[in-house]
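Sequence order for the protein chains is A and B. Whatever position you read off the first sequence (first residue = 1), add 37 for the working numbering. Whatever position you read off the second sequence (first residue = 1), add 52 for the working numbering. From the three backbone atoms N, C-alpha and C, an ideal C-beta is built for every residue, glycine too. Below is one structure, written out as structure tokens; comments come after it.
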Amino acid sequence: MNELDNKFINPFNQDKDFAGCSIFGMMSLEGKRFSSEDPIKAISNMHDRSNGLGGGFAVYGIYPDFKDYYALHIMYLSKDAKEKTDRVLASCFNIIYDEEMQTKAAKVVDPPLLWRYFVEPKKRRSPNLPEDECVIQAVMRINTETGKAFVFSSGKDMGVFKGVGYPEDIAEYFCLEDYYGYLWSCHGRFPTNTPGWWGGAHPFNILDWTVVHNGELSSYGINRRYLEMYGYKCTLQTDTEVLAYAVDLLMRRQRLPIEVVSQILAAPFWSEIDSAEPKRCNVLRALRQTYGSLLMNGPFSVIVAHHGEMIGLTDRVKLRPLIAATRGNMLYLSSEEAAIRLVSPQLDKLWAPRGGEPVIGRVGDKKIVGSAVKVEEPQ
Amino acid sequence: MIAKEIILAKLDSRFLPHVTFNDQICQVNAEGLHYRDLNSLLRTLDSHGVEKVELHSVCGQRYIGTDLKTGMAIEIYGTPGNDLAAFMNGPYITVYGNAQDCVANTMNEGKVVVHGRAGDITCYGMRGGKVFIRDDIGARAGIHMKEYMDKKPYLVVGGTAMDFLGEYMAGGVLLVLGLNLKGDEPHKARFVGTGMHAGVIYVRGNVAHMGKEVKMVDVEKSDMLTIEGLVREFCGYFKTDFEEILSKKFMKIVPYSHRPYGRIYAY
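Written out as structure tokens, the structure is:
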């Protein structure tokens with residue numbers, strides 16, 4: 038574009054791209070691990086959807102040598118915080134191995150000190166408490182105690198890598214080319230009303246649950262207060278955090294299937310509930326009465342993942358984009374079709390899920406759950 | 053005749069590896085081109101009288117065709133990005149592949165033919181021209197579409213639509229054929245025509261659920277003329293059988309009132 042062209046087309050020299058976040062998920066239905074090449078290529082094709090204020094990846098099946106231990110990724114905004122946190126960790130866990138996370142120079146903003154620990158909870162401290170609960174308690178304690186230390190990944194055989202920068206720069210910073218996983222979920226951030234800081238980047242994680250999110254949860258306040266009753270403390274200053282904890286509460290602790298959980302998070306309208314057949318109507322009514330405070334209000338499309346499962350969901354009136362596709366044993370979820378086509382030009386099936394209806398891929402199950410408005414391949 | 057040497061000489065040097073001329077057709081390899089560059093290139097070609105451009109390996113570049121004012125023909129191979137033909141004012145775009153969200157955003161004139169599906173908010177605020185989609189479209193197609201005097205936008209969809217079809221529609225014509233629906237299966241779209249106060253939606257078959265501002269009525273003779281014209285054009289692009297499409301009953305969705313919220317705000 039020459040100077041004159043630019044003056045004519047862009048008289049006010051506006052360099053701002055108006056966009057939303059980008060989300061991308063890719064999963065091998067056989068549980069076969071693959072490199073970061075395709076996920077990074079796909080998410081960076083949606084570069085213009087984010088603005089450099091956050092990017093991140095969640096990778097499953099990443100630490101096969103340490104798969105029996107919880108892998109904690111912790112960011113420290115000060116040296117003191119690390120000393121204090123190390124004492125907390127030592128009191129709760131047997132630390133099997135710890136190291137500074139491998140990083141290299143990249144276009145990221147103000148990286149904190151990043152540390153990785155492989156730990157197992159100390160049984161004798163609270164013999165009756167399940168291990169998962171010990172970890173959650175420790176995570177909440179660390180996140181609230183110093184204000185300068187945040188656990189951003191706490192699952193087994195999985196890891197979250199995130200920070201302030203474009204997703205491709207974050208990938209470079211964390212040397213993601215060295216990692217392999219069977220499920221990758223990726224995010225490029227365009228923060229609208231919360232700060233762009235390292236803790237606020239997506240994915241949000243608790244245990245092996247991760248969430249990447251495009252949209253805005255206007256119900257954050259009420260969701261947060263509800264989750265506090267169950268011991269979840271929101272410290273990361275971003276709406277998506279509540280979704281990660283809500284999914285952990287409903288799916289892991291209360292063992293509700295995702296088909297039910299999606300009716301809680303993206304509940305149908307009362308008018309639809311009223312017109313449903315009596316049995317279904319009663320169930321939907323009970324869910325809204327019980328879990329009204331976990332209704333996620335506002336526009337969203339999300340990819341929720343945990344070991345063996347990847348779930349795509351949008352809000353009930355479909356205010357954010359989500360495209361699903363399959364090719365062989367791969368399931369793709371993306372904000373834009375182009376990102377999928379870039380890594381897999383030929384697809385077996387491609388569809389746009391309806392608002393509020395989840396797409397679910399499970400390892401070992403070639404059948405994808407989700408109401409597929411089937412689309413023929415373009416010639 | 054276009055003097056391709058003159059055009060090549062005027063192009064920024066970074067575009068040269070991407071551009072070749074084949075007879076009168078300009079072929080562009082869009083791989084790795086940022087959308088701003090691609091659209092800048094299209095503007096240059098347009099202003100030098102190029103009549104036909106083929107874009108190959110398109111992958112997510114936004115706003116293709118925006119701001120162009122002549123009748124240039126653009127053929128796109130690949131997946132164009134969001135806001136295809138946004139604010140476009142004349143060109144004829146053909147997509148061999150699927151289109152993403154917001155096709156024909158505020159388009160003023162021209163034509164878009166998609167040999168595949170299109171995403172959400174297709175024809176958002178469209179003011180004129182025609183859009184033909186072979187397969188399905190996403191949610192909120194035709195939202196805020198409008199018409200004024202001789203400007204009237206048309207959207208024809210071969211497949212079915214998702215929720216909020218024709219939301220807040222203020223003019224223009226939507227025609228949804230549902231060619232991939234079996235038997236008497238209705239269009240699954242809910243809240244069709246919510247907030248609609250002008251324009252018309254024609255559907256072949258029935259719809260699952262409509263907004264409270266609209267009613268479904270039988271088509272009249274004048275409606276059938278419009279429908280037949282659009283279907284004939286559709287069949288021309290996608291090689292479908294005209295008689296077979298016309299053999300099923302069409303219905304018309306129109307608003308009850310041209311000022312549905314007049315009472316709320318009026319004094």
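Item, Value
"Inter-residue spacing [alpha-carbon to alpha-carbon] between residue 234 of chain A and residue 73 of chain B", "48 Å"
"Where residue 152 of chain B meets chain A, residues with beta-carbon distance less than 7 Å", "373, 374, 375"
"Listed by chain order, chain A residues near residue 111 of chain B by CB distance under 7 Å", "82, 375, 378, 379"
"Interface flag, residue 38 of chain A vs chain B, CB-CB below 9 Å", "Since pLDDT at residue 38 of chain A reaches only 45, below the 50 mark, its modelled position is unreliable, and the value read off the structure follows with that caveat. It does; some Cβ of chain B falls within 9 Å."
"Reference residue 294 of chain A, options A/324, A/162, A/351, closest by Cα", "A/324"
"Chain B contact for residue 358 of chain A (CB, 9 Å cutoff)", "yes"
"Proximity below 9 Å, CB of residue 183 of chain B to CB of residue 137 of chain B", "yes"
"Listed by chain order, chain A residues near residue 278 of chain B by CB distance under 9 Å", "Under the 9 Å cutoff, chain A gives no residues; its nearest Cβ is about 27 Å from residue 278 of chain B."
"Option nearest residue 276 of chain B by Cα separation, candidates B/301, B/266, B/186", "B/301"
"Within chain B, the residues that residue 85 of chain A reaches when beta carbons sit closer than 8 Å", "87, 114"
"Beta-carbon spacing of residue 214 of chain B, residue 247 of chain B below 9 Å", "no"
"Where residue 299 of chain A sits in the DSSP three-state scheme", "helix"
"Cβ of residue 121 of chain A within 9 Å of any chain B Cβ", "no"
"Within-9 Å CB hit, residue 132 of chain B to chain A", "yes"
"Min CB distance residue 181 of chain B to chain A below 9 Å", "no"
"Beta carbon proximity, residue 400 of chain A to chain B, threshold 9 Å", "no"
"Per-residue burial, residue 76 of chain A [other beta carbons within 10 Å of its own, 16 or more giving buried]", "buried"
"Sequence-distant residues of the same chain with beta carbon closer than 6 Å to residue 217 of chain B, five excluded per side", "193, 241, 244"
"Between the CA atoms of residue 61 of chain B and residue 133 of chain B - distance to the nearest angstrom", "29 Å"
"Contacts of residue 214 of chain B in chain A (Cβ-Cβ under 9 Å)", "355, 389, 391, 392, 410"
"Coarse secondary structure for residue 344 of chain A, derived from DSSP in three states", "coil"
"DSSP bridge partner residues for residue 221 of chain A (one or two, in chain order)", "A/63, A/96"
"Of the listed residues A/156, A/146, A/62, A/148, nearest to residue 131 of chain A (C-alpha basis)", "A/156"
"Reference residue 307 of chain A, options A/296, A/298, A/320, closest by Cα", "A/320"
"Reference residue 212 of chain B; option with closest CA among B/204, B/102, B/120, B/174", "B/174"
"Spatial neighbours of residue 101 of chain A in its chain, beta-carbon cut-off 6 Å, leaving aside the 5 residues before and after", "none"
"Validate contact between the segment 159-178 of chain A and the segment 226-240 of chain A using beta carbons, cut 8 Å, 3 pairs", "no"
"Any C-beta of chain A under 9 Å from that of residue 240 of chain B", "yes"
"Through-space distance from residue 211 of chain A to residue 363 of chain A, alpha-carbon basis", "28 Å"
"Cross-strand partners of residue 201 of chain B (DSSP beta bridge)", "Paired residue(s): none; residue 201 of chain B is not in a bridge."
"Chain-ordered residues of the segment 159-177 of chain B with a beta carbon less than 7 Å from chain A", "167, 168, 169, 171, 172"
"The segment 91-101 of chain A in contact with the segment 185-201 of chain A per 3-pair CB rule at 8 Å", "yes"
"Cα-Cα separation, residue 90 of chain B to residue 116 of chain B", "8 Å"
"Sequence-distant residues of its chain with Cβ nearer than 7 Å to residue 328 of chain A (five each side left out)", "301"
"Three-state secondary structure assigned by DSSP to residue 281 of chain A", "helix"
"Touching by the beta-carbon criterion (3+ pairs, under 8 Å), the segment 350-367 of chain A and the segment 266-276 of chain A", "no"
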